[in-house]
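In full-length UniProt numbering, the protein residues as written are 1 to 339. The beta carbon of each residue, even a glycine, is placed where N, CA and C say it ideally should be.
Written as structure tokens, this is what we have:
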């Protein structure tokens, strides 16, 4: 069968590998139908994802059809359409013991530490499979995984309807966070350098927007918050200087969420954190949030249609990654298909 492997940074190959078979542990065989290209996949390709090991079959936004199950599996059956949890945790370490398996001491992420879903077939435990709503297409279902990341970040931020949220960046990650946050908190400020994305955020309910290239960021935040700053700030840009900007823009007793994976040193200021008594928190992956995201879709609270802008066959993965690197403004989500 075909698979896409990053051999080393900058080298992508479509390779032939043996089709997996089910085992006692990996007791569901899935025929893959769609897999999203995420920023972290591009990071692995470019060698900027500090968590990745090589060579690696990447892909963690992965959807498919159950082809075969082990004799004891009752949660799914052949023909079921599923999305696969990317987090593999031990269940026994300290983080797992307090319900935070997404930062397990022995954490393995499909497509990062172990081979992922850019391949025609994948064998996984039944517990990692989540049934998809019948009305949701396979390519749109890819967006459930980024949605779980957004739910995790809003949960870690303890976002409430009383908060004023400052969302820094509204690209693929930021727009997913915005989609979840607006259901919790009506007062959202979106800061972005793209006027097109800012216009979309306003149309979707952002209370205020700031163009970080043409406006004074801190002045605008203070203006829109009555001079005190945001109560919650989420860094969805994860760029040089973004964390420092949010430390400055967040008011006393606020929460600042960082989601970046860069290992480059970042400037911070202890005085800003201590004097305001800020909570600076990381948010990584998701912690059992697939069920929550799917229930939101079933309840009509979440519409994932229209988020995918481009599709490429699996065997054209190089062309897809090259296109992603152009940063064409038409790109929202790129999906690999397995037709």
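Where does residue i fall in DSSP's three states?
i	result
residue 235	strand
residue 313	strand
residue 81	strand
residue 131	strand
residue 177	helix
residue 228	coil
residue 202	helix
residue 245	helix
residue 403	Outside the shown range of the chain (1 to 339) lies residue 403, about which nothing can therefore be said.
residue 56	strand
residue 76	coil
residue 193	coil
Flag this pair as yes or no: are the beta carbons of residue i and residue j separated by less than 9 Å?
i	j	result
residue 101	residue 62	no
residue 60	residue 111	yes
residue 268	residue 244	yes
residue 249	residue 221	yes
residue 204	residue 182	yes
residue 146	residue 333	yes
residue 253	residue 174	no
residue 92	residue 52	no
residue 233	residue 260	no
residue 263	residue 282	no
residue 57	residue 3	yes
residue 140	residue 305	yes
residue 230	residue 165	yes
Give me the Cα-Cα distance between residue i and residue j, rounded to the nearest whole angstrom.
i	j	result
residue 215	residue 108	42 Å
residue 170	residue 176	8 Å
residue 78	residue 131	12 Å
residue 180	residue 158	13 Å
residue 89	residue 227	44 Å
residue 115	residue 337	18 Å
residue 34	residue 314	9 Å
residue 209	residue 154	19 Å
Three or more C-beta pairs below 8 Å linking the segment 59-73 and the segment 20-31: Output reads yes: the segment 20-31 touches the segment 59-73.
Any alpha helix (DSSP H) of 4 or more consecutive residues that is wholly inside the segment 1-46: 39-46
Unbroken stretches of the beta strand (DSSP E), 3 residues or longer, contained in the segment 91-174: 121-124, 129-131, 164-168
Sufficient close CB pairs (3 or more, under 8 Å) joining the segment 72-89 to the segment 285-304: yes
Whole runs of the beta strand (DSSP E) within the segment 249-331, excluding any shorter than 3 residues: As summarised for the segment 249-331, the continuous beta strand (DSSP E) elements at least 3 residues long and confined to that stretch are 250-258, 279-282, 310-313, given in chain order.
Inter-stretch contact (C-beta, 8 Å, three-pair minimum) for the segment 321-328 and the segment 16-26: no
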